Amino acid sequence: MTTTAVDSVAQSQAARDAVEEFPVVYDVPDDAALTDQILSPIWTRSRAWWPLFIVSGLLAVLFIYAMGVTFVRGIGSWGNNVPVAWAWGITDFVWWIGIGHAGTFISAFLILLNQRWRASINRFAESMTLFALVNASLFPILHLGRPWFFYWLIPYPATMGVWPNFKSSLPWDVAAVSTYFTVSLLFWYLGLVPDLAAARDRAPGITRRRIYGIFALGWRGSSQEWRHYRVAYTLLAGLATPLVISVHSIVSLDFAITQLPGWHSTIFPPYFVVGAIYSGLAMVLMLILPARRIFHLKDIITEAHLSNLAKLMLVTGSMLAYSYLCEAFVSWYSGDPFEYYTSFVARPLGPYAIIFWLMLCANILTPQLFWWKRMRTNTVVLFGASLLVFAGMWCERFIIIVGSLNRDFLPSSWHFYAPSWVDISLLAGSMGLFCFLFLAFLRWVPMVALSEVKRLHLDMRKERQPVKVRAADGAAS
Amino acid sequence: MTLIQPSRKRKPRARRVLGEFPSVESLLAGIDALKNGGYDTLETFTPFDIPELDARLGLRRSRIGWLVFTCGLIGMVLAFGIQWWANVHNYPLNSGGRPVFAIPSFIFPTFEGLVLAASFGAFFGVLAWLRLPRLWAPIDEVEGFTSASIDRFWIAVGAVDADDSGERAQQILRDSGAIQTIAPADV
Numbered sequence: 127m128t129t130t131a132v133d134s135v136a137q138s139q140a141a142r143d144a145v146e147e148f149p150v151v152y153d154v155p156d157d158a159a160l161t162d163q164i165l166s167p168i169w170t171r172s173r174a175w176w177p178l179f180i181v182s183g184l185l186a187v188l189f190i191y192a193m194g195v196t197f198v199r200g201i202g203s204w205g206n207n208v209p210v211a212w213a214w215g216i217t218d219f220v221w222w223i224g225i226g227h228a229g230t231f232i233s234a235f236l237i238l239l240n241q242r243w244r245a246s247i248n249r250f251a252e253s254m255t256l257f258a259l260v261n262a263s264l265f266p267i268l269h270l271g272r273p274w275f276f277y278w279l280i281p282y283p284a285t286m287g288v289w290p291n292f293k294s295s296l297p298w299d300v301a302a303v304s305t306y307f308t309v310s311l312l313f314w315y316l317g318l319v320p321d322l323a324a325a326r327d328r329a330p331g332i333t334r335r336r337i338y339g340i341f342a343l344g345w346r347g348s349s350q351e352w353r354h355y356r357v358a359y360t361l362l363a364g365l366a367t368p369l370v371i372s373v374h375s376i377v378s379l380d381f382a383i384t385q386l387p388g389w390h391s392t393i394f395p396p397y398f399v400v401g402a403i404y405s406g407l408a409m410v411l412m413l414i415l416p417a418r419r420i421f422h423l424k425d426i427i428t429e430a431h432l433s434n435l436a437k438l439m440l441v442t443g444s445m446l447a448y449s450y451l452c453e454a455f456v457s458w459y460s461g462d463p464f465e466y467y468t469s470f471v472a473r474p475l476g477p478y479a480i481i482f483w484l485m486l487c488a489n490i491l492t493p494q495l496f497w498w499k500r501m502r503t504n505t506v507v508l509f510g511a512s513l514l515v516f517a518g519m520w521c522e523r524f525i526i527i528v529g530s531l532n533r534d535f536l537p538s539s540w541h542f543y544a545p546s547w548v549d550i551s552l553l554a555g556s557m558g559l560f561c562f563l564f565l566a567f568l569r570w571v572p573m574v575a576l577s578e579v580k581r582l583h584l585d586m587r588k589e590r591q592p593v594k595v596r597a598a599d600g601a602a603s
Numbered sequence: 011m012t013l014i015q016p017s018r019k020r021k022p023r024a025r026r027v028l029g030e031f032p033s034v035e036s037l038l039a040g041i042d043a044l045k046n047g048g049y050d051t052l053e054t055f056t057p058f059d060i061p062e063l064d065a066r067l068g069l070r071r072s073r074i075g076w077l078v079f080t081c082g083l084i085g086m087v088l089a090f091g092i093q094w095w096a097n098v099h100n101y102p103l104n105s106g107g108r109p110v111f112a113i114p115s116f117i118f119p120t121f122e123g124l125v126l127a128a129s130f131g132a133f134f135g136v137l138a139w140l141r142l143p144r145l146w147a148p149i150d151e152v153e154g155f156t157s158a159s160i161d162r163f164w165i166a167v168g169a170v171d172a173d174d175s176g177e178r179a180q181q182i183l184r185d186s187g188a189i190q191t192i193a194p195a196d197v
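Sequences listed follow chains F and X, in order. First residue of the first sequence? That's 127 in this note's numbering, and the numbers climb one at a time after it. First residue of the second sequence? That's 11 in this note's numbering, and the numbers climb one at a time after it.
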């Protein structure tokens with residue numbers, strides 16, 4: 127919690143509560159019980175965890191194998207051709223990096239807007255960002271052709287005497303993605319430090335106490351520590367916030383600064399950012415819905431969180447629909463026959479028409495469910511809708527990239543694109559790696575920002591508002 | 011908790027009396043009572059941030075922002091400088107006939123350099139400022155102190171004279187709701 131004028135905040139929060147539909151935290155027993163509950167997956171083995179971990183680990187092995195094939199045989203092992211020189215790999219890159227954006231949005235953006243409900247889910251969201259970025263950053267490197275020379279993209283004084291060309295958008299990507307990953311990691315770790323200290327102090331056995339003690343860096347929660355920590359953490363949030371906007375904007379410039387119809391468009395930066403947050407919100411929901419059930423977190427991840435995430439999906443989904451509309455309008459209004467052809471013939475009627483219509487339906491129609499409160503809190507609907515948006519956003523990246531490249535200016539150069547087994551393995555494998563890392567996170571890292579939830583719980587009590595007690599139906603954890 | 015054995019040459023510190031409180035309200039009451047009793051050197055240990063403490067303990071707002079600001083400026087200048095050196099000075103590159111010194115295209119890495127350096131400043135700055143990592147401190151030896159990261163709120167009352175039994179401070183702590191007090195200790 128980073129508020130300084132707590133009393134005035136409490137007042138404004140009380141006012142806000144009048145319009146809030148659900149409490150952001152139910153009456154959890156007490157701080158010690160809460161700590162033990164959140165930390166228990168770290169100390170006790172769960173039977174369901176190992177099979178999941180092994181399956182996702184096997185998929186991650188498939189990822190490594192497909193990477194090995196790419197290394198040895200080159201990009202020729204992918205389905206890419208000319209003119210579809212960017213295809214599945216860049217689709218995966220743009221999609222994964224977009225998914226990461228919602229994590230930063232939830233953890234950094236919402237802290238600055240003083241949205242206290244973020245406390246229960248920010249750790250999930252930030253971890254998702256990190257693991258999505260691990261995947262995202264691999265794809266452009268694999269696509270280099272000679273991936274072992276990836277360091278040529280970094281400006282270092284090489285004996286060759288040449289430098290990266292900073293007038294190209296690709297070194298911008300390198301700067302943006304590496305900065306984004308580093309800042310996300312620092313922000314995630316700094317937020318973890320007080321919770322790692324709690325894990326250290328609750329650890330059974332000296333070995334685990336030592337391991338968590340080392341990672342907790344000797345945090346003791348003194349008034350001096352909190353005083354500096356609070357400011358440093360908020361500043362990191364403030365620094366991460368423009369990254370939400372800038373990273374996907376820069377990624378979109380890879381496309382927008384070219385002249386290809388369907389890419390050459392000034393709407394691309396906001397269009398990409400909105401789509402990124404949208405797909406990431408779907409991913410956050412897909413992660414917290416099972417976690418909430420398995421780890422009995424319904425008292426701290428309440429209907430308020432689900433409803434708020436659904437509302438955010440409705441907002442970003444509507445902004446995305448508006449972007450689609452704008453793009454279509456401008457390509458018609460431009461009078462450019464190539465733009466017109468791409469938007470109104472090649473995409474809706476061309477070889478990838480099914481994917482185009484799937485994208486439109488999944489991304490625009492699905493969130494319309496969330497106008498209804500009942501839909502926003504129905505976990506089955508939420509999960510299904512998130513899955514649709516998750517897939518729909520991949521389709522969008524595919525349509526933007528392959529759907530534009532395979533029908534460029536010269537009909538004689540048109541070429542159909544189909545993925546190879548390596549492409550498919552890379553996508554499936556990257557999902558496996560993501561799940562592998564996320565399961566490892568659930569097993570070894572405090573999955574909820576304990577110190578923030580404790581503070582949130584205190585604030586709720588402070589408002590002297592009777593904390594609503596859940597109905598007994600299966601809510602007791 | 012003993013992670014690293016204390017050095018035998020450790021400088022003797024002022025002895026402190028400790029009190030353990032069950033709630034934030036009793037902690038704040040304890041601080042007020044101690045201040046009324048003339049104890050000014052206070053430090054608290056809490057499981058979460060309590061900004062209300064700053065005014066009571068006489069702590070000013072952290073100045074770490076200036077460090078972050080300076081780091082950000084350095085990162086910005088460095089990132090722009092690298093691009094200028096690389097593409098304008100050391101190896102002027104004609105890329106599609108665009109001007110060699112194309113400032114707009116340098117904006118993005120410059121911004122990223124700013125954010126990266128400022129973030130390093132915030133992260134490593136706060137650790138250096140707090141002298142972390144510090145895996146062992148004398149206070150870790152206090153029985154039950156680990157609750158400070160879970161659900162209890164501790165006050166360390168400093169400036170207890172060597173001949174003071176600390177009984178008065180302990181009494182104040184107990185009167186304001188402490189569930190446990192620790193006699194003057196070298197923590």
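Don't be surprised by glycine CBs; every beta carbon is placed ideally from N, CA and C. What you are looking at is a predicted structure, and each value in this text was computed from that prediction instead of being measured.
Query raised in the report: Can you find a CB in chain X that lies within less than 8 Å of the CB of F/W520?
Result: Contact of F/W520 with chain X is not assigned, every C-beta pair being separated by 8 Å or more.
Query raised in the report: Shorter than 8 Å from the beta carbon of X/W139 to some beta carbon of chain F?
Result: Under the Cβ criterion of 8 Å, X/W139 is counted among the residues facing chain F.
Query - Proximal chain F residues relative to X/L38, where beta-carbon distance stays under 9 Å - result: None at all; the shortest Cβ gap to chain F is about 12 Å.
Query - Within 8 Å, strictly: CB atoms of F/S349 and X/L69 - result: Taking 8 Å as the Cβ cut-off, F/S349 and X/L69 qualify as a contacting pair.
Query - Helix, strand or coil at F/W289 [DSSP, three-state] - result: Collapsing the DSSP output to three states places F/W289 in coil.
**Report entry** Short Cβ contact (8 Å threshold) for X/F118 with F/A436
**Finding:** Contact: no.
Query raised in the report: Count the other CB atoms within 10 Å of the CB of F/G194; is the residue buried (16 or more) or exposed (fewer)?
Result: By the neighbour-count rule (16 or more Cβ atoms within 10 Å), F/G194 is not buried but exposed.
Query raised in the report: Is there a Cβ from chain A that is less than 8 Å from the Cβ of F/Q241?
Result: Looking for chain A here will not work: the only protein chains present are F and X.
Report task. Using a Cβ-Cβ cut-off of less than 9 Å, list which residues of the stretch 202-217 of chain F approach chain X; keep chain order. Result -> When C-beta distances to chain X are compared with 9 Å, every residue of the stretch 202-217 of chain F stays at or above that value.
Query raised in the report: Should F/F455 go down as buried or exposed, given a rule of 16 or more other Cβ atoms within 10 Å for buried?
Result: F/F455 sits exposed, since fewer than 16 C-beta atoms from the chains shown fall within 10 Å of its C-beta.
Query raised in the report: Less than 8 Å separating the beta-carbons of X/G187 and X/A65?
Result: No, Cβ-Cβ distance for X/G187 and X/A65 is not below 8 Å.
Query raised in the report: Which residues in chain X sit within 8 Å of F/H354, going by Cβ to Cβ distance?
Result: Within chain X, S72, I74, V136, W139 and L140 have C-beta atoms less than 8 Å from the C-beta of F/H354, given in sequence order.
Query - Residue-level contact to chain F via CB, X/L28, 8 Å cutoff - result: Chain F, which has no Cβ nearer than 8 Å to the Cβ of X/L28, makes this no.
Report task. Using three-state DSSP, classify F/R523 as helix, strand or coil. Result -> Shown here, F/R523 sits in a helix according to DSSP, grouped into three states.
Query raised in the report: Whose Cβ in chain X lies nearer than 8 Å to the Cβ of F/L369?
Result: The answer, in chain order, is V125.
Requested in this report: Specify the secondary structure class of F/W204 as computed by DSSP and reduced to three states.
Outcome: Three-state result, F/W204: coil.
**Report entry** Status (buried if at least 16 other CB within 10 Å, exposed otherwise) for X/P109
**Finding:** Exposed, since its Cβ has fewer than 16 Cβ neighbours within 10 Å.
Requested in this report: Report buried or exposed for X/L63, applying the criterion of at least 16 other Cβ atoms within 10 angstroms of its Cβ.
Outcome: By the 10 Å Cβ count, X/L63 comes out buried.
**Report entry** Selection of the stretch 377-391 of chain F by Cβ proximity to chain X, strictly under 9 Å
**Finding:** Within the stretch 377-391 of chain F, the qualifying residues are L379.
Query raised in the report: With burial defined as no fewer than 16 other Cβ atoms inside 10 Å of the residue's Cβ, what is the status of F/F542: buried or exposed?
Result: With fewer than 16 Cβ atoms within 10 Å of its Cβ, F/F542 is classed as exposed.
Query raised in the report: Per DSSP, which one or two residues make a beta bridge with X/R26?
Result: According to DSSP, X/R26 bridges with X/A195.
Query raised in the report: From the DSSP output, which residues share a beta bridge with F/V210?
Result: In DSSP, F/V210 forms no bridge with anything.
Query raised in the report: Which value, in whole angstroms, describes the spacing of the CA atoms of X/A195 and X/L44?
Result: Between X/A195 and X/L44, the C-alpha separation is close to 18 Å.
Report task. Report yes if the CB atom of X/F90 is closer than 8 Å to the CB atom of X/F116, and no otherwise. Result -> Closer than 8 Å, so yes.
Query raised in the report: Just how far apart, CA to CA, sit F/V515 and F/D153?
Result: The alpha-carbon atoms of F/V515 and F/D153 are separated by roughly 33 Å.
**Report entry** Contacting residues, own chain, Cβ-Cβ under 8 Å from F/P572 (five flanking each side not counted)
**Finding:** Excluding the 5 residues flanking it on each side, F/P572 has same chain C-beta neighbours closer than 8 Å at I164, L165, I168, R249, L318, D321, L322, A324 and A325, in chain order.
**Report entry** Option in F/F189, F/G200 and F/G229 with minimal Cα separation from F/V399
**Finding:** Checked all of F/F189, F/G200 and F/G229; the closest Cα to F/V399 is F/G229.
**Report entry** F/T217, buried or exposed, once every other Cβ within 10 Å from all chains shown has been counted against 16
**Finding:** So F/T217 counts as buried.
Query raised in the report: In its own chain, which residues sit with a C-beta less than 8 Å from the C-beta of F/V208, not counting the 5 before and 5 after it?
Result: Answer for F/V208: S539 and H541, listed in chain order.
Report task. Anything in chain X within Cβ reach of F/E453, meaning under 9 Å, just list it in chain order. Result -> Under a criterion of Cβ atoms nearer than 9 Å, no residue of chain X is adjacent to F/E453; the nearest Cβ is some 23 Å distant.
Requested in this report: Would you kindly work out how many angstroms separate the C-alpha atoms of X/T120 and F/T305, rounded to a whole number?
Outcome: Taking the straight line from one Cα to the other gives about 11 Å.
Query - Segment contact flag, the stretch 330-345 of chain F with the stretch 121-134 of chain X, C-beta cutoff 8 Å, min 3 pairs - result: Between the stretch 330-345 of chain F and the stretch 121-134 of chain X, the count of Cβ pairs shorter than 8 Å is below three; the stretches do not touch.
Query raised in the report: Along the chain, which unbroken stretches of the alpha helix (DSSP H) at least 4 residues long are found entirely within the stretch 433-489 of chain F?
Result: Taking only runs of at least 4 residues, the alpha helix (DSSP H) segments lying wholly in the stretch 433-489 of chain F are 463-467 and 479-486.
Requested in this report: Would you list the residues sitting across from F/A367 in a DSSP beta bridge?
Outcome: For the record, residue 367 of chain F in the displayed sequence is Thr; it is not Ala. BP columns for F/T367 are empty, so no partner.
Query - F/R346 vs X/I149 beta-carbon contact at 8 Å - result: Yes. Within cutoff.
Query raised in the report: To the nearest whole angstrom, what separates the beta carbons of F/I232 and F/I247, a pair I think is in contact under 8 Å?
Result: F/I232 to F/I247, Cβ: 6 Å. Contact.
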